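Here the structure is laid out as structure tokens; the discussion comes afterwards.
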Amino acid sequence: MADNESVSAQLTIESLVKELEKFRKDMTGEFVTLLNSSLEPIRDRITQLEQDVNAIQSKLTIMEKENTVLKANVEDLVSRSKRHNIRVVGLPEGIEGKSLDCAHRSLRPKPRTEEAPRPLIIRFHRYIVKETVMRWAKSHKVISYKGHQIKMYEDFSTELAKKRAAFNKIKSLLYKQGARFGIPGQTLWTNTHFRNGMVESNRYKLL
329 MADNESVSAQ LTIESLVKEL EKFRKDMTGE FVTLLNSSLE PIRDRITQLE
379 QDVNAIQSKL TIMEKENTVL KANVEDLVSR SKRHNIRVVG LPEGIEGKSL
429 DCAHRSLRPK PRTEEAPRPL IIRFHRYIVK ETVMRWAKSH KVISYKGHQI
479 KMYEDFSTEL AKKRAAFNKI KSLLYKQGAR FGIPGQTLWT NTHFRNGMVE
529 SNRYKLL
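As structure tokens, this is what we get:
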């Protein structure tokens, strides 16, 4: 009798364990199904977002390339518009008078009396005349006007001036070595470049 009760109890426990296992599997299956159905829209949304991001990145790459080209074109136009200009430094404010139609001070606030005067921008009608003036200025180390020492420079665009400024250290070294050099456009040319005791000809691109 006791043995029968023991077997019956064992069967009951085994049946309970099986039922619990079945219930667990059913619940797990339902949970996975519910989770998948809940995540499906999220997965679709993520996929769509990834596609949108890829499309935006592609457009951004194209726009960056176009922007680079446009900036280069604008820089070229600005530089060309300044080819006939020279920048005169050192002339006191107002000394130019009002009779010059193609001359103006650089666009910045008028300085106080004790401050340095603004550069004077002069535009020539003919490029060859401007070049003649610049060659003359380069051949004279000291230029004075009405007792004021002045200097004449090319009127470069802001962007090109920054690029040229990047070569200041190189130009300083070339000056010390007595090398002749020039920067026509956006390239630094040196007729005499010293390296290991040898004299070479080189050019450097302004990036």
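Numbered according to the working numbering, the sequence shown spans residues 329 to 535. In this text, a Cβ means the ideal position worked out from N, Cα and C, and glycines have one as well. The structure presented is a predicted model; accordingly, all values stated were derived computationally and were not measured.
Nearest candidate by alpha-carbon position, reference residue i, set the options
i	options	result
Pro447	Glu459, Met480, Lys458	Met480
Leu419	Arg352, Ala493, Val402, Gly475	Gly475
Lys458	Glu358, Arg373, Ile414, Lys350	Ile414
Phe452	Glu482, Lys438, Arg352	Glu482
Val461	Leu367, Gln505, Gly506, His412	His412
Residue i - partner residues in DSSP beta bridges
i	result
Val416	Leu448, Met480
Tyr473	His476
C-beta contact flag for residue i and residue j at 8 Å
i	j	result
Lys410	Phe495	no
Leu488	Glu403	yes
Ile280	Ala465	The question about residue 280 has no answer here: the residues shown for the chain are numbered 329 through 535.
Glu498	Val417	First, the residue type needs correcting, since residue 498 is Ile and not Glu in the sequence shown. No. Outside cutoff.
Item to complete: Give, in chain order, every unbroken run of the beta strand (DSSP E) that is at least 3 residues long and sits entirely within the stretch 351 to 418.
Response: Those beta strand (DSSP E) runs which fall completely within the stretch 351 to 418 and span 3+ residues are 413 to 417.
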